[in-house]
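A.B. asks: Letter 395 of the sequence shown, counting from 1, is numbered 395 in this note's numbering, and no numbers are missing.
All C-beta atoms, glycine included, are put in the ideal place defined by N, C-alpha and C.
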Amino acid sequence: MNDNIKITDKKLLDLLFYLELPRAIENRMLNYLRQGKISKWFSGIGQEAISVGSTYALNNDDIILPMHRNLGVFTTRDISLDSLFCQLMGKEGGFTKGRDRSFHFGLLSKNIIGMISHLAAMLPVATGFGLAAKLKKQKKVVLSFTGDGSTSEGDFHEAINLAAVWDLPIIFLIENNGYGLSTPSSEQFKCKKLSDKAIGYGIKGVTIDGNNVLEVYETISSLAKELRKGTGPVIVEAMTFRMRGHEEASGTDYIPKKIFDKWLKKDPIENYKKYLQSKKILTDKIQQQINKKIDKKIDPSFEFALNSEKPKSTLLNEINDVYKKYTFNLKQPKDKGSEIRYVDSISNSLKDIMLKNNKTIIMGQDISEYGGVFKITKDFLDEFGSERVRNTPIIESGILGASVGLALDGFVPIIEMQFADFVSCGFNQIVNNIAKTHYRWNESLNITIRMPYGGGMSAGPFHSQSPESWFFHTPGLKIVAPSSAYDAKGLLNSSIEDPNPVLYFEHKYMYRSIRGLVPNDYYNIEIGKADVKKIGKDVSIITYGMGVHWALDIANKLENDNISIEVIDLRSLIPWDKDLVEKSISKTNRVLILHEANLTGGIGAEISAYISEKCFKFLDAPVMRLGAIDTPIPFASDIEKEIYLPINKIEQRIKELLNF
1 MNDNIKITDK KLLDLLFYLE LPRAIENRML NYLRQGKISK WFSGIGQEAI
51 SVGSTYALNN DDIILPMHRN LGVFTTRDIS LDSLFCQLMG KEGGFTKGRD
101 RSFHFGLLSK NIIGMISHLA AMLPVATGFG LAAKLKKQKK VVLSFTGDGS
151 TSEGDFHEAI NLAAVWDLPI IFLIENNGYG LSTPSSEQFK CKKLSDKAIG
201 YGIKGVTIDG NNVLEVYETI SSLAKELRKG TGPVIVEAMT FRMRGHEEAS
251 GTDYIPKKIF DKWLKKDPIE NYKKYLQSKK ILTDKIQQQI NKKIDKKIDP
301 SFEFALNSEK PKSTLLNEIN DVYKKYTFNL KQPKDKGSEI RYVDSISNSL
351 KDIMLKNNKT IIMGQDISEY GGVFKITKDF LDEFGSERVR NTPIIESGIL
401 GASVGLALDG FVPIIEMQFA DFVSCGFNQI VNNIAKTHYR WNESLNITIR
451 MPYGGGMSAG PFHSQSPESW FFHTPGLKIV APSSAYDAKG LLNSSIEDPN
501 PVLYFEHKYM YRSIRGLVPN DYYNIEIGKA DVKKIGKDVS IITYGMGVHW
551 ALDIANKLEN DNISIEVIDL RSLIPWDKDL VEKSISKTNR VLILHEANLT
601 GGIGAEISAY ISEKCFKFLD APVMRLGAID TPIPFASDIE KEIYLPINKI
651 EQRIKELLNF
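1. Which residues does DSSP list as the beta-bridge partners of arginine 99?
2. Can you say whether asparagine 524 is buried or exposed, counting buried as having 16 or more other CB atoms within 10 angstroms of its CB?
3. Starting from isoleucine 269 and walking both ways along the alpha helix (DSSP H), at which residues does that stretch end?
4. Could you tell me the alpha carbon to alpha carbon distance between asparagine 659 and alanine 628, rounded to whole angstroms?
5. Ignoring anything shorter than 4 residues or poking outside the stretch 533-621, list the alpha helix (DSSP H) runs there in chain order.
6. Run through the stretch 1-51 for me and flag every whole alpha helix (DSSP H) of 4 or more residues, listed as ranges in chain order.
7. Determine the extent of the alpha helix (DSSP H) in which threonine 437 is found, giving its start and end residues.
8. For glycine 53 and glutamate 526, I'd like the C-alpha separation in whole angstroms.
9. So within the stretch 158-195, which uninterrupted beta strand (DSSP E) runs reach at least 3 residues, ignoring any that extend past its ends?
10. Can you tell me whether asparagine 648 is helix, strand or coil according to DSSP?
11. Would you decide whether glutamate 416 is buried or exposed? Buried here means 16 or more other CB atoms lie within 10 Å of its CB.
12. Run the CB neighbour count on isoleucine 633, radius 10 Å, all protein chains shown included, and call it buried at 16 or more, exposed below.
13. Considering only the alpha carbon of each residue, which of Gln332, Leu214, Phe156 and Leu264 lies closest to leucine 276?
14. Taking the beta carbon of arginine 34 as the centre, do at least 16 other beta carbons fall within 10 Å, making it buried, or is it exposed?
15. Going by CA-CA distance only, name the one from Gly426, Ser458, Tyr544 and Asn428 that's closest to glycine 480.
16. When the Cα of serine 109 is compared with those of Glu92, Pro452, Val539 and Ile64, which residue comes out closest?
17. Look at the Cβ atom of isoleucine 290, then the Cβ atom of phenylalanine 17, and state whether they are nearer than 9 Å.
18. Beta carbon of tyrosine 509, beta carbon of methionine 451: below 9 Å?
19. For the alpha helix (DSSP H) containing glycine 149, list its first residue and its last residue.
20. If you follow the beta strand (DSSP E) that tyrosine 486 is in, where does it begin and where does it stop?
21. Just confirm the distance between the C-beta atoms of proline 169 and valine 142, as a whole number of angstroms; I'd bet it's less than 8 Å.
22. Using 8 Å as the cut-off, can you tell me whether the stretch 466-480 makes contact with the stretch 573-581, which would need three or more C-beta pairs spanning the two stretches below that distance?
23. Measuring only the C-alpha atoms, how far is leucine 315 from phenylalanine 635?
24. Between the beta-carbon of isoleucine 174 and the beta-carbon of proline 233, is there less than 9 Å?
25. What did DSSP end up calling threonine 392 once you bin it into helix, strand or coil?
26. Should cysteine 191 be labelled buried (16 or more other beta-carbon atoms within 10 Å of its own) or exposed?
27. What's the gap between the Cα of aspartate 167 and the Cα of threonine 231?
28. Which value, in whole angstroms, describes the spacing of the CA atoms of leucine 680 and lysine 359?
29. Check this for me: beta carbons of serine 484 and isoleucine 514, under 9 Å apart or not?
30. What is the C-beta distance between isoleucine 449 and leucine 503, in whole angstroms, given that I count them as a contact (C-beta under 8 Å)?
31. Just verifying my parser: in three-state terms, what is the DSSP assignment at alanine 407?
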């Protein structure tokens, strides 16, 4: 132990209490596990000094993002043990209503943001909190835990690189316990010290004894002081060992006994107690007092949790908690406006929103000086500055994760994917972090993700996709896809007003080919409300995006043959307007569902199934679908337009419907 640490005897004994508290909890849980009263969890026995020492070193308003084995973070921040034990046991009264396990929750009142199961996924979230602190000019520090195994993950790289580029006040703490589940470090990475990874990011890296609580405390205290002065992020590698399996009941047969024997001698609690005893700070009497204090603290809470009921819910409760409840307030425009392009409608809307709400931040690749590849944010930098119009490194997952931290800290992030195709690199953050947060622990994320999508521009298979159906299956997201300049502004305004995450699909081909009358005044369009673009009586075409324009062209052409087609523009894909679709079909009795995306597994399949189930009584012909052929989108212009896209097949399908 380091005798040069300036810390009072009281704090030294406090540290002992906080060290022994999670160990006592876990030992008690082991007994309950053997009795079949609780299920398995991820043990932190042997690693307590890292959680406790680092948490004790920080201020209560500093943000901590813990991982599997960081029970000591929660107990040192003194969260309700009644609620914590209910959470660990999956009982009523836990933090997630039985919807998620262990530390998969956040508690903003204690500045703790829990994990999801995907390793390293919370590191980008930490960058969002770090940026929020920097923008607010707060002297906060963010501490983000990760394990040695997850340093191989892409999110590890993206988060640390972003934090380094932006000089964010983050401590990335790696708990190196020698194993990624069962795979030893020798098979996980080549470097001798994980802290050496810091060199590649141009930041500071240190390796410490993670079983020495005073070394942990001193290191984190010192680094936090530096970070509050604006020194930028740091990597801390804490060497330690877990004395239990990856999760309780999973066993440790893959670890040689000699390693256990070695680390048993380095037990963080026993060695710390010996140190305090050698300094005449800890006596038998004081130890007994600590033991009684721990028993008094945990016994009633264990009893409370063991006697608590299993979570109960209803179908309505579950459905209603997927999204934050939001009452739409319709805002009508006061002027007719002027005719502008689709691209200008989006750009103007973004500019108006940035002027209206200084919590909005636009982030993406090349959006600043360059104005984005489609020039939608051209000149925004001059008007709003680099703090709010932020170029990012070439990353997707990292910036999407950062948007989570920003949103949780009160900002309204707008993320531009350079092309919708590239969102696949950030898929996990959208479908597992962003989409599920409100359902899991009741915090909403006001995040808008702009997705330039679609073909017709001979851009090939990686810049032309229509990937909306990738997300259609994920509860917790809203999806909009405007087809007109008017709708583009109204739906973008609504997307950013909505406290839930929205994927805003903007069609690249429409940017400069579609024009329309757009009011200068602020207005919105309710998400989930479709629009009748053309009234008809013979066939309903249900579509969105470019499909609307294809449908209108065909409808106008077939009017000469006395065929009356009703064109319904869904505008919103989640939720979609079932009522208007049903109303249209009840009148026309025939329906074609049209979209640009590949036919198989497309959104049209779900709409078709719904119509077949709910509107069968109105139908005089089978529900028909039409989409792109089931191949990647080709580069060659003629193949794309003549074979891949469904444009040339629409008239034939309508006549098949009418002749059925």
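C.D. replies: Taking the definition as stated:
1. Paired residues: none, contrary to the question.
2. Label assigned to asparagine 524: buried.
3. From DSSP, the alpha helix (DSSP H) with isoleucine 269 extends over 268-278.
4. Rounded to the nearest angstrom, the two C-alpha atoms are 23 Å apart.
5. Runs of the alpha helix (DSSP H) lying entirely within the stretch 533-621 and spanning at least 4 residues, in chain order: 546-558, 578-588 and 603-614.
6. Listed in chain order, the complete alpha helix (DSSP H) runs (minimum 4 residues) inside the stretch 1-51 are 9-34.
7. Boundaries of the alpha helix (DSSP H) around threonine 437: 437-441.
8. Answer to the nearest angstrom: the Cα atoms are 50 Å apart.
9. Entirely contained in the stretch 158-195, the beta strand (DSSP E) runs reaching 3 residues are, in chain order, 170-176.
10. Residue state for asparagine 648 is assigned as helix, using DSSP reduced to three classes.
11. The residue is buried, with at least 16 neighbouring Cβ atoms inside 10 Å.
12. Classified as buried, isoleucine 633 has 16 or more neighbouring CB atoms from the shown chains inside 10 Å of its CB.
13. Answer by Cα proximity: Leu214.
14. Residue environment for arginine 34: exposed (fewer than 16 other C-beta atoms within 10 angstroms of its C-beta).
15. A small fix is needed here, since residue 480 is valine in this sequence, not glycine. Of the candidates Gly426, Ser458, Tyr544 and Asn428, the one whose C-alpha sits nearest the C-alpha of valine 480 is Tyr544.
16. The shortest Cα separation from serine 109 among Glu92, Pro452, Val539 and Ile64 belongs to Ile64.
17. Against a cut-off of 9 Å, the Cβ pair of phenylalanine 17 and isoleucine 290 comes out as a contact.
18. Against a cut-off of 9 Å, the Cβ pair of methionine 451 and tyrosine 509 comes out as no contact.
19. Element bounds for glycine 149: n/a, residue is neither H nor E.
20. No beta strand (DSSP E) holds tyrosine 486; the alpha helix (DSSP H) holding it covers 485-497.
21. Correct: roughly 6 Å between the Cβ atoms.
22. Yes, the stretch 466-480 touches the stretch 573-581.
23. Taking the straight line from one Cα to the other gives about 46 Å.
24. It is not a contact, given that the beta carbons lie outside the stated cut-off.
25. In the three-state DSSP reduction, threonine 392 falls in the coil class, being neither helix nor strand.
26. Around the CB of cysteine 191, fewer than 16 other CB atoms lie within 10 Å, so the residue is classed as exposed.
27. Roughly 7 Å between the two C-alpha positions.
28. What the structure shows of the chain is the stretch from 1 to 660, and residue 680 is not part of that stretch, so it cannot be assessed.
29. Against a cut-off of 9 Å, the Cβ pair of isoleucine 514 and serine 484 comes out as a contact.
30. About 5 Å separates the two Cβ atoms, so the contact holds.
31. Looking at alanine 407 - three-state DSSP - the assignment turns out to be helix.
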